[in-house]
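**Student:** In this note's numbering, the protein residues as written are 5 to 540. All C-beta atoms in this analysis are idealised placements derived from N, C-alpha and C, irrespective of residue type, glycine included. One structure follows; several queries about it will come next.
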Ligand code: AMP
């Protein structure tokens, strides 16, 4: 039987698993909400580590499921959503040619590449129609036969069922037998740098991970013959369930480096969903899902769901409830879903907090040199970044200014753009970042502005933009900022204005030195004085 993505099918107790009739039935709104009782209005998303049952769960990405078997299935119209779907009948598509092509990010039929509207219940793969389901099952069968022929010992034994077993990463004997200096040498040659306690040794071959044969086969099929350096070090650490912060160049294989441990974890985890991959853009999410599907192909019960904006929400919500193992989401769409429900996954509860409970973020104070500049910049910041921004200058009434200041201290604004009015005197303890968007006209004013951060012993940061409009202050700025340990831009340090000012200052200092009367130069000064008098 098919499980259509946009339909829920009533599965009878005596269902023999061969039926392909899909019925569109009015959905129960609750079905679309994972847990309505925990519904809260949204503003920011925080992850809260609840009791983590297993030290080895990756705290930032493995989450427990709402659980429960799908016994009754109802329909949801992907276009109209929950509210106005109506009972009607629509047969499952028979032929591939009657299916449409997929939009970017939509599931793709593994056989013909059309829209993968249904999930094959036998393999969990996406298919578009009965025709492709049949072809797909035939292909799977042929593949199985082939592998039996090429590996007769395995064919006689029990079929591999990773879900019935468990997996613990153990260092491969080859890696264990290497000397410490050999490992260090390898890391050095490959540019692998690690920090942290008792970080496990890198692997050298994918075979050292003890992956199921299907996964090893998928790696080879994807052209992954040997692991890249980031994979060598990250995969075993990830397989041990430790938290990792990793950094490597673009195109160095980071995706597979985190996907492989996630896949192994999800494979042996009964709960669904068992992993959440958050990524900033839809394109990246689509790319990650494609790679995940490639690597998971043929592994049992390893469904993924893509929760991204720009595509209808109901099919994604529906798919989320089909016991998917891995969620790949962008924060915006995940937030939309959280507005309707609260999901708890593997000990990590995702809670949506509303405006009032928002965590306080210290505001940024930006200084500009004119009122119009303050208004324009504040407007631009709000429009482009979506940050709550306000301007303050002498044209605002006293009451307005008071309210802005109160809001600033209470965290109502994320960015305040000000002329010099906020530059002096006020103790804005909550400000941690000052931006001198326009460099003030004097060093005195500058010192006051940057002094708005770091009050009462708090640490603060100041970012200053300078251009040739303040060229007469270059040397003064360098002298003032250098002792703080800040690295100054070479454009400033190499500026001819700076060198000119420095030279003039040194000359002045020299002159002052010469004008001073000391025991050593006293006689010289008297002689010079007598000489000039006698010449007169
Ligand atoms: P990424 O840095 O994760 O975006 O990966 C860059 C590209 O390298 C992708 O096309 C991957 O499919 C590919 N790739 C990742 N790991 C390997 C590997 N071990 N061997 C060959 N190709 C790889």
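1. Alpha carbon to alpha carbon, what distance is there between residue 254 and residue 554?
2. For residue 378, collect the residues of the same chain with a Cβ closer than 8 angstroms to its Cβ; drop the 5 residues on either side in sequence, then sort them by chain order.
3. Do you know how far the Cα of residue 332 is from the Cα of residue 157?
4. Using beta-carbon positions only, say whether residue 130 and residue 111 come within less than 9 angstroms of one another.
5. Taking the alpha-carbon positions, what's the residue 393 to residue 469 distance?
6. DSSP on residue 474, reduced to helix/strand/coil?
7. Apart from the five residues on each side of it in sequence, which residues of its chain come closer than 6 angstroms, Cβ to Cβ, to residue 226?
8. Please classify residue 528 as buried or exposed, where buried requires at least 16 neighbouring CB atoms within 10 angstroms.
9. Any idea what DSSP makes of residue 445, helix, strand or coil?
10. Write down every uninterrupted run of the alpha helix (DSSP H) in the segment 104-137 whose length is 4 residues or greater and which is fully enclosed by it, in chain order.
11. Using DSSP with H/G/I as helix, E/B as strand and the rest coil, what is residue 481?
12. Under 8 angstroms, with one C-beta from each stretch per pair, do the segment 289-297 and the segment 308-323 reach the 3-pair mark?
13. Given this structure, state the Cα-to-Cα distance separating residue 33 from residue 441, to the nearest angstrom.
14. By DSSP, does residue 259 sit in helix, in strand, or in coil?
15. Within the present structure, is the beta-carbon of residue 260 separated from the nearest heavy atom of ligand 1 by less than 8 angstroms?
16. Run the CB neighbour count on residue 135, radius 10 Å, all protein chains shown included, and call it buried at 16 or more, exposed below.
17. Could you check whether the Cβ of residue 230 sits closer than 8 angstroms to any heavy atom belonging to ligand 2?
18. Starting from residue 220 and walking both ways along the alpha helix (DSSP H), at which residues does that stretch end?
19. Within its chain, find whatever has a CB closer than 6 angstroms to the CB of residue 542; leave out the 5 residues flanking it on each side and keep chain order.
20. Quick one: using the 10 Å Cβ neighbour count with 16 as the cut-off for buried, is residue 210 buried or exposed?
21. Over what stretch of residues does the beta strand (DSSP E) that includes residue 536 continue unbroken?
22. How close, in whole Å, do the beta carbons of residue 261 and residue 250 come, if the pair is a contact with beta carbons under 8 angstroms?
23. Near residue 370, what residues of its chain come up, given a Cβ to Cβ distance below 6 angstroms and the 5 sequence neighbours on each side ignored?
24. Do residue 270 and residue 329 have their CB atoms nearer than 9 angstroms?
25. DSSP state of residue 521, grouped into three classes?
26. Assuming residue 178 is part of the beta strand (DSSP E), what are its boundary residues?
27. Which of the three DSSP states, helix, strand or coil, is assigned to residue 371?
28. For ligand 1, any of its heavy atoms closer than 8 angstroms to the Cβ of residue 195?
29. Is any heavy atom of ligand 1 found at a distance shorter than 8 angstroms from the C-beta of residue 201?
30. Flag residue 314 as yes when its Cβ comes closer than 8 angstroms to any non-hydrogen atom of ligand 1, and as no otherwise.
31. Please return the same chain residues whose Cβ sits closer than 6 angstroms to the Cβ of residue 418, not counting the five positions on each side in sequence.
32. Classify residue 116 as buried or exposed, calling it buried when 16 or more other Cβ atoms lie within 10 Å of its own Cβ.
33. State yes or no: is the C-beta of residue 100 nearer than 8 angstroms to some heavy atom of ligand 1?
34. Measure the CB-CB distance between residue 246 and residue 214 and report whether it falls below 9 angstroms.
35. In whole angstroms, what separates the C-alpha of residue 234 from that of residue 277?
36. Drop a sphere of 10 angstroms on the beta-carbon of residue 193, count the other beta-carbons inside from all chains shown, and report buried for 16 or more, exposed for fewer.
**Tutor:** Based on what the coordinates show:
1. A query on residue 554 cannot be resolved here, the shown segment of the chain reaching from 5 to 540 and no further.
2. Position 374 of the chain shown, counting from 1, holds the residue named residue 378. Answer for residue 378: 372, 395, 396, 397, 421, 422 and 423, listed in chain order.
3. Indexing the chain shown from 1 puts residue 157 at position 153. Indexing the chain shown from 1 puts residue 332 at position 328. Low local confidence applies: a pLDDT of 49 at residue 157 is under 50, so the model's placement there is unreliable, and no value is given.
4. If you number the chain shown from 1, residue 130 lands on position 126. If you number the chain shown from 1, residue 111 lands on position 107. Yes, these two residues count as a Cβ contact at 9 angstroms.
5. For the purposes of this step, residue 393 is taken as residue 389 along the chain shown, with counting starting at 1. For the purposes of this step, residue 469 is taken as residue 465 along the chain shown, with counting starting at 1. Their Cα atoms are separated by approximately 20 angstroms.
6. Counting from one through the chain shown, the residue named residue 474 turns up at place 470. DSSP places residue 474 in helix when its eight states are reduced to three.
7. Position 222 of the chain shown, counted from the first residue, corresponds to residue 226. Here the set comprises 298.
8. Walking along the chain shown from the start, residue 528 turns up at place 524. Exposed, by the Cβ-count rule.
9. For the purposes of this step, residue 445 is taken as the residue at position 441 of the chain shown. In the structure shown, residue 445 sits in coil (DSSP, three-state: anything other than H, G, I, E or B).
10. none
11. As a working mapping, residue 481 is identified with position 477 in the chain shown. Residue 481: helix per DSSP, three-state reduction.
12. yes
13. Position 29 of the chain shown, counting from 1, holds the residue named residue 33. Position 437 of the chain shown, counting from 1, holds the residue named residue 441. Residue placement at residue 33 is poorly supported in this model, since its pLDDT is 30, which falls under 50; the coordinates still yield a value, given next. The straight-line gap from Cα to Cα measures roughly 51 angstroms.
14. As a position in the chain shown, residue 259 is number 255, starting the count at 1. DSSP places residue 259 in helix when its eight states are reduced to three.
15. The sequence position of residue 260 within the chain shown is 256, counting from 1. Residue 260 Cβ: within cutoff of ligand 1.
16. Position 131 of the chain shown, counting from 1, holds the residue named residue 135. By the 10 Å Cβ count, residue 135 comes out buried.
17. Ligand 2 is not part of the structure shown, which contains ligand 1 as its ligands.
18. Here the question's residue 220 lines up with position 216 in the chain shown. Start and end: 217-225.
19. Because the chain spans 5 through 540 in this model, residue 542 falls outside it and cannot be assessed.
20. As a first step, residue 210 is located in the chain shown; it is residue number 206 there, counting from the start. Buried is the call here.
21. Translated into the one-based positions of the chain shown, residue 536 becomes position 532. Where residue 536 is concerned, there is no enclosing beta strand (DSSP E), although the alpha helix (DSSP H) it sits in stretches over 526-539.
22. Along the chain shown, one-based indexing puts residue 261 at 257. Along the chain shown, one-based indexing puts residue 250 at 246. Sure, about 7 angstroms apart at Cβ, within 8 angstroms.
23. Here residue 370 refers to the residue found at position 366 of the chain shown. Closer than 6 angstroms at the Cβ level, and outside the excluded window around residue 370, lie 421, 439 and 441.
24. For the purposes of this step, residue 270 is taken as the residue at position 266 of the chain shown. For the purposes of this step, residue 329 is taken as the residue at position 325 of the chain shown. Against a cut-off of 9 angstroms, the Cβ pair of residue 329 and residue 270 comes out as a contact.
25. For the purposes of this step, residue 521 is taken as residue 517 along the chain shown, with counting starting at 1. Residue 521: coil per DSSP, three-state reduction.
26. As a working mapping, residue 178 is identified with position 174 in the chain shown. Where residue 178 is concerned, there is no enclosing beta strand (DSSP E), although the alpha helix (DSSP H) it sits in stretches over 177-180.
27. The residue given as residue 371 occupies position 367 in the chain shown. Correct three-state label for residue 371: strand.
28. As a first step, residue 195 is located in the chain shown; it is residue number 191 there, counting from the start. Incorrect: residue 195 has no Cβ contact closer than 8 angstroms to ligand 1.
29. Taking the first residue of the chain shown as position 1, residue 201 is located at position 197. Not under cutoff, so the answer is no.
30. Your numbering for residue 314 matches position 310 in the chain shown. Checking the Cβ of residue 314 against ligand 1 gives no.
31. Within the chain shown, the letter at position 414 stands for residue 418. Excluding residues within five positions, the ones whose Cβ falls inside 6 angstroms are 367, 391 and 392.
32. Taking the chain shown and counting its residues from 1, the one referred to as residue 116 is at position 112. Residue 116 should be labelled buried.
33. One-based indexing of the chain shown puts residue 100 at position 96. No - ligand 1 has no heavy atom lying nearer than 8 angstroms to the Cβ of residue 100.
34. Residue 246 sits at position 242 when you count from the first residue of the chain shown. Residue 214 sits at position 210 when you count from the first residue of the chain shown. No; because the gap between Cβ atoms is not below 9 angstroms, this pair is not in contact.
35. Looking up residue 234 in the chain shown gives position 230. Looking up residue 277 in the chain shown gives position 273. Distance between the alpha carbons of residue 234 and residue 277 is about 27 angstroms.
36. Along the chain shown, one-based indexing puts residue 193 at 189. Exposed: under 16 other Cβ atoms inside 10 Å.
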